[in-house]
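Novice: Quick note: the sequence shown, position 80, residue 280 per my numbering, numbers continuous.
Each residue gets a CB set at the ideal place from its N, CA and C atoms; glycine is no exception.
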Amino acid sequence: MSILSKLFTAVRGGAREAGEAIVDANAVRIFEQEIVDSKSHIKKAKDSLTTVMAEKMQAARKLDALKTDVAENEHYAAKALEKGDEALALQVAEKIASLEAELAEQQTVHDNCAGHITKLKQQIQAAERQISENERQLNMIKTTESVHKATSAISDNFNASGSKIINAKESLDRIKKKQQMREDKLKAAEELNSDNFDKSLQDKLQEAGIVNDGSNSANAILDRIKSKQ
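1) In the DSSP assignment, find the unbroken alpha helix (DSSP H) run with Lys262 in it and report its ends.
2) Work out the CA separation of Ile341 and Ala227 for me, nearest whole Å.
3) Between which residues of its own chain and Glu335 is the CB-CB distance below 7 Å, once the five residues before and five after are set aside?
4) In whole angstroms, what is the alpha-carbon distance linking Glu390 and Arg382?
5) Between the alpha carbons of Lys262 and Gln330, how many angstroms are there, rounded?
6) Which of the three DSSP states, helix, strand or coil, is assigned to Asp311?
7) Should Val347 be labelled buried (16 or more other beta-carbon atoms within 10 Å of its own) or exposed?
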């Protein structure tokens, strides 16, 4: 094999691989479009089916008309024979033969239409069932694809932002510490205010002579001891 031939083969191989890669990357979109195309073909098939059904109806009407003509001419031939006019009866018989030949042709057309209609209906029904199955599969594929993308995104985000998660936890801990400090300060302020209130109340009671401070009690005890000497 020459160099140019090998190069040409390599180019064709590369084009094939590129084409397969494009198909694989757009497999879901291609499958969905194929379903759309199938529905379009089904619509055209139904249009063709209605045409065949109309032809069958026309053939059936022609058959009825021809059968009526045959019966009517058979009646005329019989009347001609009753009158002894065999020549006239023969002419009518020839017309009947022509009508019956046309009747046979129309019967063939009618039967062929009926056969095509039955076959087309079966094919359309089978195609519609397959399209329904393809649509069901498409929905499952899309759902699976969405789940895979979501899982991949979560995994990528987690791997990319692992340090950010740690930093966020540290920030949360600092916020909690600040909040706890603020709550402790508020509680301490409440206790301080409560102590000041109690002390102020004690001073007021002493000034009013309702309660005695420690020094007054000590003087009273000393006086009691002196009185006993």
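Specialist: Based on what the coordinates show:
1) 227 to 282
2) 10 Å
3) Ile235
4) 12 Å
5) 38 Å
6) helix
7) exposed
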